[in-house]
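Student:
In full-length UniProt numbering, the protein residues as written are 1 to 62.
(1) Residue 54 and residue 36 - do their beta-carbons sit closer together than 8 Å?
(2) Pick out whichever of 2, 4 and 13 has its Cα sitting closest to the Cα of residue 52.
(3) From this set, 39, 32 and 28, which residue's C-alpha is nearest residue 60's C-alpha?
(4) Could you compute how far the alpha carbon of residue 7 sits from the alpha carbon of residue 15?
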């Protein structure tokens, strides 16, 4: 379900933005980047943009 995917992406972004360094590391380890990359190609523009933002943050932080 796309709503659940979008909410999961948003949760991961919030954990990176507001979380401690340990939380950020755990998010980095837990996020399946291949799946997130696939989500950048879906029709839901908000979810696709959020997926790309999550990828960008993960690359920037680590």
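Idealized CB from N, CA, C, for every residue including glycine.
Tutor: Put simply:
(1) By one-based count along the chain shown, residue 36 stands at place 36. By one-based count along the chain shown, residue 54 stands at place 54. Residue 54 sits close to residue 36, with the two beta carbons spaced by under 8 Å.
(2) Here residue 52 corresponds to residue number 52 of the chain shown, with the count starting at 1. Looking at the Cα atoms, 13 is the closest of the given residues.
(3) Start at 1 with the first residue of the chain shown, and residue 60 comes out as number 60. For residue 60, the closest C-alpha among the options 39, 32 and 28 is that of 28.
(4) Locating residue 7 in the chain shown gives position 7, counting from the first residue. Locating residue 15 in the chain shown gives position 15, counting from the first residue. In this model, residue 7 and residue 15 are separated by some 12 Å (Cα to Cα).
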